[in-house]
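Below is one structure; the comments refer to it alone.
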Amino acid sequence: MTHLNKTFAELGVRDEIVRALAEDGKVHPFAIQELTMPLALAGDDLIGQARTGMGKTLAFGVPLLQRIADDTERPLTGIPRALVLVPTRELCLQVSGDLAAAARYLRVGDRKFTVTSIYGGRPYEPQIEALQKGVDVGVGTPGRVLDLAQQGHLQLGGLSVLVLDEADEMLDLGFLPDIERILRLIPERRQAMLFSATMPDPIITLARTFMNKPTHIRAEAPHQSAVHSTTEQYVYRAHALDKVEMISRILQAEGRGATMIFTRTKRTAQKVADELAERGFKAAAVHGDLGQGAREKALQAFRTGEIDVLVATDVAARGIDIEDVTHVINYQIPEDEQSYVHRIGRTGRKGKAGVAVTLVDWDELTRWALIDKALGLGCPDPAETYSTSPHLYEELNIPKDAKGRVGPPHRPDAKRVSARSEERPTRTRTRVRRRTLRGKPIGSHPETPAAEQAPTPESAEEKPGSAPRRRRRRRRTTAGAGTPTANSTGGGNGSSTPASGAMAEKAGAATAAAAGG
DNA sequence: AAAAAAT
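Using the working numbering, the first residue of the first sequence is number -7, and each one after it goes up by one.
Here is the structure:
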């Protein structure tokens, strides 16, 4: 599922790039990279789809670098020849870092090949200076790219390659206007490559309006789940006031590594991060209300392991590649199925195992059911999982009541707690779907580690100092589905791409991180 | 309806 058979060298990638990749442990390309190479090098427009963490960045990055570096008819002049657009500033830094790493041995005459990031929230000067000194590949966010282009500092007339990373997001309503403006500044004759793990049909239809007979390449068969089979998905119903407590217990699970917690709003992200920090966890928040410096600082601290809990809005849902993220927790359910796929895609990358826990609040049941249905998870009503999944239950050490139901955490302030616990939806539990949920997480491996009774770090005591927490509404729960593998081909509009051959399974290799500031 | 993205 992840790899085919050739090496980067065998695919015709030039020595300088092969050497850089090899030094970073990348010798065998991931399936999407190998499938994309021939078409991308030929200059074809294409839509590339592969699951999260399976090497999409280099799938367009390597051929992009190779193509413009090899173009003898149009030697590099320092005017950008390729532009990669991404939805967030942090992803901009990551992608530009990845491309710069792959290009580090390439040279243009007597200078180095240049990749630069162009994004907002930072002073203009450094970016303008870099552009004036000469840039071969630009990686940027729409707003700043447009801004610098309109100011005349970024010349887009020389582009021969345009890439939309997280393409479905880039073509979503919020970004579309900017993308359309940028397209008007780019030469008609250019190669366009769109990549994402999720590509809703309407988006593909829209994409075809500005692409030239794009080939749709998929590393997995269309019917396969967009989620890795190596990621175990759990869904629980949870009451608003219990979420932080539940999470604090999950955070004590044996084997937990770096963990990302997603919220629907910026306020909640900050609140949860603060509460977890108060409880002694090494946590920080990342969301759009923070200054760019704080955003990058938090992400960097998370990358280095200085902190191991990152609470974020969807600003960090896509593309961010951090090794060893073992758990992803949805404190609030995502807006749609694409967001769910991308959020939990922060774990289980490159063949590694991952755990995704979604907490669903009563108010979110209807919306959750839609996501469940869209992804075929088979767990539409978390309320019914209330007393199931004893397995995970033990593993996460989430408290349950005498009847074995996942109950509210034990709190000194028994009054309030008991009152609320009586309201718990004991009733709603139909047994119908229980079989689906019994025991192991839906779609996960039958064998899972046993429980671990880790003591709560700090029981939920009332913090004198902390102000009475304002509660927000929104919750989530339930389990996920397992997944597949393999490759296949997708027939895009007119053209289609051949499926891949046998996929050798190999861990390691491929995509890397790097960010650079 | 939320978040992101230029200032």
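Even glycine gets a Cβ: it sits at the ideal position worked out from N, Cα and C.
{"Query": "Bridge partners - residue 224, DSSP secondary structure assignment", "Result": "347"}
{"Query": "Cα-Cα separation, residue 512 to residue 234", "Result": "Because the chain is modelled from -7 through 509, residue 512 falls outside the range shown and cannot be assessed."}
{"Query": "Complete alpha helix (DSSP H) runs within the segment 253 to 289 (minimum length 4 residues, chain order)", "Result": "258 to 270"}
{"Query": "Start-end ranges of the beta strand (DSSP E) lying completely within the segment 114 to 197, minimum 3 residues", "Result": "129 to 132, 153 to 157, 183 to 188"}
{"Query": "Alpha-carbon spacing of residue 270 relative to residue 237, whole angstroms", "Result": "12 angstroms"}
{"Query": "Residues near residue 250 in its chain [Cβ-Cβ closer than 6 angstroms; skip 5 each side]", "Result": "300, 316, 317"}
{"Query": "Sequence-distant residues of the same chain with beta carbon closer than 6 angstroms to residue 408, five excluded per side", "Result": "Unreliable placement is indicated for residue 408, whose pLDDT of 27 sits below 50; no coordinate value is reported for it."}
{"Query": "Stretch pair the segment 52 to 61 + the segment 18 to 36: three plus CB contacts closer than 8 angstroms", "Result": "yes"}
{"Query": "Beta-carbon proximity of residue 296 to residue 38, cut-off 7 angstroms", "Result": "no"}
{"Query": "Whether residue 68 touches residue 100 by CB criterion (7 angstroms)", "Result": "yes"}
{"Query": "Contained beta strand (DSSP E) runs [length at least 3] in the segment 302 to 356, N- to C-terminal order", "Result": "317 to 322, 346 to 352"}
{"Query": "C-beta contact flag for residue 153 and residue 93 at 7 angstroms", "Result": "no"}
{"Query": "Residue 233 - containing alpha helix (DSSP H), residue span", "Result": "Counting along the chain, residue 233 falls outside any alpha helix (DSSP H), and DSSP gives it neither H nor E."}
{"Query": "Sequence-distant residues of its chain with Cβ nearer than 8 angstroms to residue 160 (five each side left out)", "Result": "188, 190, 191, 192, 195, 330"}
{"Query": "Any non-hydrogen atom of the ligand COA closer than 6 angstroms to residue 131 Cβ", "Result": "As for the ligand COA, it is missing from this structure, which has no ligand bound."}
{"Query": "Exposure of residue 337, with buried meaning 16 or more beta-carbon neighbours within 10 Å", "Result": "buried"}
{"Query": "Selected residue, minimal CA-CA separation from residue 88, among 372, 132, 117, 248", "Result": "132"}
{"Query": "Proximity to residue 257 [Cα-Cα], best of 209, 230, 268, 308", "Result": "308"}
{"Query": "Status (buried if at least 16 other CB within 10 Å, exposed otherwise) for residue 83", "Result": "buried"}
{"Query": "Residue 519 versus residue -2: straight-line alpha-carbon distance, rounded", "Result": "A query on residue 519 cannot be resolved here, the shown segment of the chain reaching from -7 to 509 and no further."}
{"Query": "Rounded separation between residue 128 and residue 146 - CA only", "Result": "11 angstroms"}
{"Query": "Three-state class that DSSP yields for residue 240 in the structure shown", "Result": "helix"}
{"Query": "Where residue 204 falls, given that 16 or more other Cβ within 10 Å makes a residue buried", "Result": "exposed"}
{"Query": "Cβ contact (3+ pairs, closer than 8 angstroms) linking the segment 219 to 231 and the segment 346 to 353", "Result": "yes"}
{"Query": "N-terminal and C-terminal residue of the alpha helix (DSSP H) that residue 11 is part of", "Result": "7 to 15"}
{"Query": "Distance between residue 123 and residue 209 (C-alpha atoms, nearest Å)", "Result": "33 angstroms"}
{"Query": "When 78, 25, 44, 324 are compared against residue 167, the one with the closest alpha-carbon", "Result": "78"}
{"Query": "Counted within 10 angstroms of its Cβ, other Cβ atoms place residue 358 as buried (16 or more) or exposed", "Result": "exposed"}
{"Query": "Classification of residue 465 by the beta-carbon crowding that lies within 10 angstroms, buried from 16 upward", "Result": "Note that residue 465 has pLDDT 31, beneath the 50 cutoff, so the model's placement of it is unreliable and no number is given."}
{"Query": "Beta-carbon proximity list for residue 155, same chain, < 6 angstroms, skipping 5 on both sides", "Result": "52, 76, 185"}
{"Query": "Nearest to residue 260 (by Cα), restricted to the options 322, 143, 244", "Result": "322"}
{"Query": "Nonlocal neighbours in the same chain, by C-beta distance under 7 angstroms from residue 111, ignoring five residues either side", "Result": "81, 84, 132, 133, 136"}
{"Query": "Which of helix, strand or coil DSSP assigns to residue 369", "Result": "coil"}
{"Query": "Selection from 313, 320, 314, 310 that minimises the alpha carbon distance to residue 303", "Result": "320"}
{"Query": "Three-state class that DSSP yields for residue 41 in the structure shown", "Result": "strand"}
{"Query": "Chain-order list of residues whose beta-carbon lies under 6 angstroms from that of residue 61 (same chain, five-residue window excluded)", "Result": "98"}
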